[in-house]
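S.K.: In this note's numbering, the protein residues as written are 335 to 1049.
1) Just the Cα atoms here: how many angstroms apart are residue 493 and residue 751?
2) Quick one: is residue 1053 buried, meaning 16 or more other Cβ sit within 10 Å of its Cβ, or exposed?
3) Evaluate residue 856 with the Cβ neighbour count: other Cβ atoms within 10 Å of its Cβ, from every protein chain shown; 16 or more gives buried, anything less gives exposed.
4) Residue 844 and residue 833: beta carbons closer than 7 Å?
5) What does the Cβ neighbour count give for residue 418, buried or exposed, with the cut at 16 atoms within 10 Å?
6) Measuring alpha carbon to alpha carbon, tell me which of 861, 779, 772, 853 ends up nearest residue 807.
7) Quick one: Cα of residue 814 to Cα of residue 588, how far?
8) Three-state secondary structure (DSSP) at residue 833?
9) In its own chain, which residues sit with a C-beta less than 6 Å from the C-beta of residue 790, not counting the 5 before and 5 after it?
10) Looking only at C-alpha atoms, which of 460, 464, 425 sits nearest to residue 782?
11) Taking the alpha carbon of residue 485 as the reference point, which residue from 869, 436, 859, 769 has its own alpha carbon closest?
12) Out of 440, 436, 408, which has the shortest C-alpha to C-alpha gap to residue 425?
13) Assuming residue 810 contacts residue 478 (C-beta within less than 8 Å), just tell me the rounded distance between them.
14) Indicate whether residue 460 and residue 830 have their beta-carbon atoms separated by less than 7 Å.
15) Identify which residue in 1031, 775, 823 has its Cα closest to the Cα of residue 898.
16) Evaluate residue 561 with the Cβ neighbour count: other Cβ atoms within 10 Å of its Cβ, from every protein chain shown; 16 or more gives buried, anything less gives exposed.
17) Could you give the DSSP three-state label for residue 590: helix, strand or coil?
18) Look at the Cβ atom of residue 847, then the Cβ atom of residue 823, and state whether they are nearer than 7 Å.
19) Where residue 325 and residue 1024 are concerned, what is the direct C-alpha to C-alpha distance, given to the nearest angstrom?
20) I'd like to check one pair, residue 617 with residue 603: are the Cβ atoms closer than 7 Å?
21) Assign residue 412 to one of three DSSP states: helix, strand, or coil.
22) Thinking C-alpha only, which one of 895, 820, 396 is nearest residue 854?
23) Within 10 angstroms of the Cβ of residue 362, are there 16 or more other Cβ atoms? Answer buried if so, exposed if not.
24) Can the beta-carbon of residue 885 be found closer than 7 Å to that of residue 467?
25) Which one of 443, 439, 474 has the shortest CA to CA distance from residue 777?
26) Could you tell me the distance, in whole angstroms, from the CA atom of residue 754 to the CA atom of residue 765?
27) Only counting the same chain, and skipping five residues up and downstream in sequence, which positions put a Cβ closer than 8 Å to that of residue 607?
28) By alpha-carbon positions, which one of 894, 794, 874 ends up nearest to residue 1078?
29) For residue 405, does the three-state DSSP call read helix, strand or coil?
30) Can you give the Cα-Cα distance for residue 429 and residue 887, rounded to whole angstroms?
31) Do you know offhand how far residue 866's Cα is from residue 446's?
32) Tell me the DSSP secondary structure of residue 585 in three-state form.
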């Protein structure tokens, strides 16, 4: 090859190589393939230059630029057949460039779709974690309620509504957790399908690149054949310059070289500057990769410790729920005993009421007898025997009335004692309800602090995701550098082939650089897969923590409902206390009336004795008998009124006892429902433990991925 032809060939090589570098940005997906397109274009131009001699190089440069943009060039008029073949090859390259651009656009769309699916999956996982934490807090609340029920199992009769609402809340949370779990599984399957689709597109891109590499090898063979057929030239200076450029050094243009060769040295200096800048970026990105790996080393152990603590707390809470179920069974037995006692008390009160009515009847009879006695006394002068009979009947009635009143006094004392005890228990229930309200307020405060911790965790893991995205961009640029190094090795091999025997050593170096670039590409693919895995796990962790915030809010609502329920319990217990106190006061009044009746009956007995004495001594004083009869009538009226009041009090006590019995039966039914709810909570606790174990396994996989990433970055 003569010096006249060397100038145009050098220009063509430099132009084609420059087009391959500047046609797309270094970070662009298609920049790796455009380097190969540039090499193929160089081969076509060299072939045309050797065969056609006088081909218009300006038109060829424009055709190469159009092909790099995906446009098919037009063949100039009057071009030789060899140039037409070259334009045909350039047109095919343009079509392939357009196809690659379309493939790249499709890949970008698929990447955006996968990103959206990934974000949705992250949010769903966060909701699931939040709901799981809320269920753990609900379980802790149930432990505290179990302790309260153990203290108040014989006294609390109005907590039925609160317990039912709490059980329904747990059931709704469990249903929500199951629905969120199913949705996460669906989103995960969709993400896997999208990943398989992206892998297929990537395989097609690799196949296209392999085809271009085969075309590059064919071009190299053709260039070697051209160099063997051309005249011998001195290329040692060019080879040395290319070797220094591959190391990132600038070269000096020798004195006295043609202008075309000088431009070649200028372009080589430009390439050297770019290689140096790429090496600087690579060092910087390696430092960022080390920093991100260190951050992973700091975050992952804390995440693992949190999952372990969650599993331990879940196991303890499950044991506590089982204890709650046992305590509820004991409470049910105590409530049944209370029901039996209430029934016995009801029977006693009914007997007392019947006795009171008998007393009222006796008092009515006594009043009639007194009236008859007064009439008989007025007729005493006429019939002493009739008076004696009435006195005997009156004595018998007085004895029966006295016996009944003694029994009623005993019953009234028992009722008063029970009323005092019931009032004391009602006051204790009110005190316990106030303590429960204070505990719930403290629980709400702790729930808000848990929510703040969950938000901090979301921020940390989100920052981790951004760092991992930066690592992916770094790997893309490193891959570009490896491809460019491979192409530089190809150009060095071409120059070594042109140099003949002088370039064999340089050809060996070029082959080693090519092998090193290919191995680096394989390693980068493995690192990219590891980073994708870490990204997926970090997104899942973010989703779990964000879902925690939702269930924290739900826990606040449930706690507020529990607080309102306790307030209602407190109000009901206060009403019950007031009612029991009123019953106690009525019982005291009844006891006083009973004593008055007893005293009256005693006085009646004395009066009967006086009547008997008066009958025996009627001759000594009819007037005294009349006075005694009037006194007896007055006392009888008092006794009758007292009996009526006592009968009304007995009926009120009977009604109150019936209400207490109904409340006890309702409480018994509530305790049975709570026992069934406890069994359901045990099942929920078991599911929570299973979810915690799965989360722990995911954290272990994340730790393993981080370790592989660290080894890969060190290697």
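Glycine included, each C-beta is placed from N, C-alpha and C at the ideal position.
Owing to the predicted nature of the structure, the values given are computational and were not obtained by experimental measurement.
M.R.: Once the coordinates are examined:
1) The sequence position of residue 493 within the chain shown is 159, counting from 1. The sequence position of residue 751 within the chain shown is 417, counting from 1. In this prediction, residue 493 scores a pLDDT of 46, lower than 50, which makes its location untrustworthy; the coordinate-derived value is nonetheless stated afterwards. Roughly 26 Å between the two C-alpha positions.
2) Past the edges of the chain, shown from 335 to 1049, lies residue 1053, and the structure says nothing about it.
3) To locate residue 856, count along the chain shown from 1; it is residue 522. Under this definition residue 856 is an exposed residue.
4) Within the chain shown, residue 844 is the residue found at index 510, counting from 1. Within the chain shown, residue 833 is the residue found at index 499, counting from 1. No, they are not a contact pair.
5) Sequence index remark: in the chain shown, residue 418 carries index 84 (1-based). With fewer than 16 Cβ atoms within 10 Å of its Cβ, residue 418 is classed as exposed.
6) By 1-based counting over the chain shown, the position of residue 807 is 473. Selected option, being the one with the closest Cα: 861.
7) Your numbering for residue 814 matches position 480 in the chain shown. Your numbering for residue 588 matches position 254 in the chain shown. Their backbone Cα atoms lie some 32 Å apart in a straight line.
8) Here residue 833 refers to the residue found at position 499 when the chain shown is read from its first residue. Looking at residue 833 - three-state DSSP - the assignment turns out to be helix.
9) The residue labelled residue 790 in the question sits at position 456 within the chain shown. Taken in chain order, the list of residues that qualify is empty.
10) By one-based count along the chain shown, residue 782 stands at place 448. Cα-wise, what sits closest to residue 782 is 464.
11) Here residue 485 refers to the residue found at position 151 when the chain shown is read from its first residue. Taking only the C-alpha atoms, the option nearest residue 485 is 769.
12) Along the chain shown, one-based indexing puts residue 425 at 91. When each option's Cα is compared against that of residue 425, the closest is 408.
13) Translated into positions along the chain shown, residue 810 becomes position 476. Translated into positions along the chain shown, residue 478 becomes position 144. With 8 Å as the limit, residue 810 and residue 478 do not qualify as a contact, their Cβ atoms being about 55 Å apart.
14) Start at 1 with the first residue of the chain shown, and residue 460 comes out as number 126. Start at 1 with the first residue of the chain shown, and residue 830 comes out as number 496. Taking 7 Å as the Cβ cut-off, residue 460 and residue 830 do not qualify as a contacting pair.
15) Position 564 of the chain shown, counted from the start, is the residue given in the question as residue 898. That would be 775, whose Cα lies nearest to the Cα of residue 898.
16) Along the chain shown, one-based indexing puts residue 561 at 227. Below a pLDDT of 50, predicted positions are generally treated as unreliable, and residue 561, at 42, falls in that range; no measurement from the model is reported.
17) For the purposes of this step, residue 590 is taken as residue 256 along the chain shown, with counting starting at 1. In the structure shown, residue 590 sits in coil (DSSP, three-state: anything other than H, G, I, E or B).
18) As a first step, residue 847 must be located in the chain shown, where it is residue number 513. As a first step, residue 823 must be located in the chain shown, where it is residue number 489. Contact: yes.
19) This structure does not reach residue 325, given that the chain is present from 335 up to 1049, and the question cannot be answered.
20) As a first step, residue 603 must be located in the chain shown, where it is residue number 269. As a first step, residue 617 must be located in the chain shown, where it is residue number 283. Cβ atoms of residue 603 and residue 617: not closer than 7 Å.
21) Numbered from its first residue, the chain shown carries residue 412 at position 78. If DSSP states are grouped into helix, strand and coil, residue 412 belongs with coil.
22) Indexing the chain shown from 1 puts residue 854 at position 520. Checking every option, the nearest Cα to that of residue 854 belongs to 820.
23) Here the question's residue 362 lines up with position 28 in the chain shown. Caution applies to residue 362, whose pLDDT of 46 falls short of 50 and renders its modelled position unreliable; the value that the coordinates give is listed next. So residue 362 ends up on the exposed side.
24) Mapped onto the chain shown, residue 885 falls at position 551. Mapped onto the chain shown, residue 467 falls at position 133. Closer than 7 Å, so yes.
25) Taking the first residue of the chain shown as position 1, residue 777 is located at position 443. It is 474 whose Cα lies nearest to the Cα of residue 777.
26) Taking the first residue of the chain shown as 1, we reach residue 754 at position 420. Taking the first residue of the chain shown as 1, we reach residue 765 at position 431. Roughly 17 Å between the two C-alpha positions.
27) Along the chain shown, read from residue 1 onward, the residue named residue 607 stands at position 273. Contacts found: 584.
28) With the chain running from 335 to 1049 in the structure shown, residue 1078 is simply not present.
29) Walking along the chain shown from the start, residue 405 turns up at place 71. In the structure shown, residue 405 sits in coil (DSSP, three-state: anything other than H, G, I, E or B).
30) Position 95 of the chain shown, counting from 1, holds the residue named residue 429. Position 553 of the chain shown, counting from 1, holds the residue named residue 887. Near 58 Å, if we compare the C-alpha coordinates of residue 887 and residue 429.
31) The sequence position of residue 866 within the chain shown is 532, counting from 1. The sequence position of residue 446 within the chain shown is 112, counting from 1. Computed Cα separation, rounded: 15 Å.
32) Locating residue 585 in the chain shown gives position 251, counting from the first residue. Note: residue 585 maps to coil in three-state DSSP.
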